[in-house]
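Novice: Here the sequence shown stands for residues 937 to 1207, where the numbers follow this note's numbering.
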Amino acid sequence: MEWNSLILAFGLTLFAGLSTGIGSAMAFFAKRTNTKFLSISLGFSAGVMIYVSFIEIFAKAKDSLTEALGNEQGTWLTVAAFFGGIIFIGLIDKFIPKGENPHEMEMIENMTPEQRLQKKDKRLMRMGGFTALAIGIHNFPEGLATFTAAMNDPNLGIAIAVAIAIHNIPEGIAVSVPVFYATGSKRKAFRLSFLSGLSEPVGAIIGYLLLMQFMSPLVFGIVFASVAGIMVFISIDELLPAAQEYGEHHLSIYGLVAGMGVMALSLLMFI
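(1) With 16 as the cutoff for other CB atoms within 10 Å, does M1196 come out buried or exposed?
(2) Would you kindly report the start and end of the unbroken alpha helix (DSSP H) that includes S1129?
(3) Work out the CA separation of P1077 and V1163 for me, nearest whole Å.
(4) Is the region 1119-1138 in contact with the region 950-964, if contact means three or more CB pairs nearer than 8 Å?
(5) Counting only the same chain and skipping the five closest in sequence on each side, list residues whose C-beta sits under 6 Å from that of A997.
(6) Helix, strand or coil: which one does DSSP assign to L1203?
(7) Ends of the alpha helix (DSSP H) at S1000?
(8) Skipping 5 residues on each side, what residues in its chain have a beta carbon closer than 7 Å to that of D1173?
(9) For S1162, does the three-state DSSP call read helix, strand or coil?
(10) For E938, which three-state DSSP category applies?
(11) Looking at the structure shown, is L954 part of a helix, part of a strand, or coil, going by DSSP?
(12) Using DSSP with H/G/I as helix, E/B as strand and the rest coil, what is D1173?
(13) For A1140 and M1148, I'd like the C-alpha separation in whole angstroms.
(14) Give every residue of the same chain whose Cβ lies closer than 6 Å to the Cβ of G1035, excluding the five residues on either side of it in the sequence, and list them in chain order.
(15) I'd like to check one pair, P1153 with A1004: are the Cβ atoms closer than 8 Å?
(16) Within 8 Å, do at least three Cβ pairs link the region 1185-1192 to the region 1104-1117?
(17) From L950, S1202 and A1097, pick the residue whose C-alpha is nearest to that of M1167; which is it?
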């Protein structure tokens, strides 16, 4: 295994995870939430992830598993691993309390001094802390997805890292706003938001330590198909609803199509 590939994979995972800090910084320096921009960006991220999951990741997983097990068994296992990934991330989502779920978006304009004084209490600090924990749990499999993709194909890893980074930005806002309400401290809010993204590189490290020593076409195919399922679920369950919540319905769809188009073009360029 080349060290350059390993360093790149970890670097991309770190970049994607710590993008929660970008969202936190935006909350402190912007006066209003640019809802149209976020709607298009989240739709774009969903388009990238859905397209690459079905066209590239699922296909590579199937190729690897059919090589290891034959066409019939390999195809069945690819499909099973894909839905296994969906079930895995779905269970994670189910066991996170709704009030602390990172799908619950916060708006930058809610950070006015008047509202902060009105809402400053311990419940908001608890909400911010649990939101950070919830995001950390969500980001763990995302880190594994980014790392695995980057190890197999750096160009694919870059695309996934950028898509996940975009969707981590509003999550950073979701952590920092209630913490700032509760404490009045931008530093504490930024630190907690920033740290919540560290679970992605942690996911990459654990994935590397547990899986890479056993890596084979069979293991790679199962992991890659599961990653495809995880990314499709995140796109449908998190990104698209958030994109439509932030802006007009058509803006999120325009972003979705643009994300698919950019991903398709980038893959064609590297044939």
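We put the CB at the ideal spot given by N, CA and C, even for glycine.
Specialist: According to the data block:
(1) What you label residue 1196 is simply residue 260 of the sequence shown in a count that begins at 1. Its Cβ being crowded by 16 or more others within 10 Å, M1196 is buried.
(2) As a position in the sequence shown, residue 1129 is number 193, starting the count at 1. Run containing S1129: K1122 to S1132, per the alpha helix (DSSP H) assignment.
(3) Residue mapping note: residue 1163 aligns to position 227 of the sequence shown, counting from 1. Residue mapping note: residue 1077 aligns to position 141 of the sequence shown, counting from 1. Approximately 8 Å, taken between the alpha carbons.
(4) When C-beta atoms of the region 1119-1138 are compared with those of the region 950-964, three or more pairs fall below 8 Å, so the two segments count as touching.
(5) Taking the sequence shown and counting its residues from 1, the one referred to as residue 997 is at position 61. In chain order, T1014, G1157, F1160 and A1161 place their CB closer than 6 Å to the CB of A997, counting only its own chain and leaving out the 5 sequence neighbours on each side.
(6) Reading the sequence shown from its first residue, position 267 is the one you call residue 1203. Here L1203 sits in helix by DSSP.
(7) The residue you call residue 1000 lines up with position 64 of the sequence shown. Where S1000 is concerned, the enclosing alpha helix (DSSP H) starts and stops at F994 to L1005.
(8) Along the sequence shown, one-based indexing puts residue 1173 at 237. Excluding residues within five positions, the ones whose Cβ falls inside 7 Å are D1029.
(9) Residue 1162 sits at position 226 when you count from the first residue of the sequence shown. Residue state, collapsed to three classes: helix.
(10) Within the sequence shown, numbered from 1, the residue matching residue 938 stands at position 2. Taken through DSSP and simplified to helix, strand or coil, E938 comes out as coil.
(11) For the purposes of this step, residue 954 is identified with residue 18 of the sequence shown, where counting begins at 1. For L954, the secondary structure class from DSSP, reduced to helix, strand or coil, is coil.
(12) Sequence index remark: in the sequence shown, residue 1173 carries index 237 (1-based). Three-state result, D1173: helix.
(13) The sequence position of residue 1140 within the sequence shown is 204, counting from 1. The sequence position of residue 1148 within the sequence shown is 212, counting from 1. Going by C-alpha positions, A1140 is about 11 Å away from M1148.
(14) Taking the first residue of the sequence shown as position 1, residue 1035 is located at position 99. Any reading at G1035 is ruled out, since the residue's pLDDT is 48, under 50, leaving its predicted position unreliable.
(15) By one-based count along the sequence shown, residue 1004 stands at place 68. By one-based count along the sequence shown, residue 1153 stands at place 217. Yes.
(16) No, because fewer than three Cβ pairs between the region 1104-1117 and the region 1185-1192 fall closer than 8 Å, the two stretches do not touch.
(17) The sequence position of residue 1167 within the sequence shown is 231, counting from 1. Minimum Cα distance to M1167 is reached at A1097.
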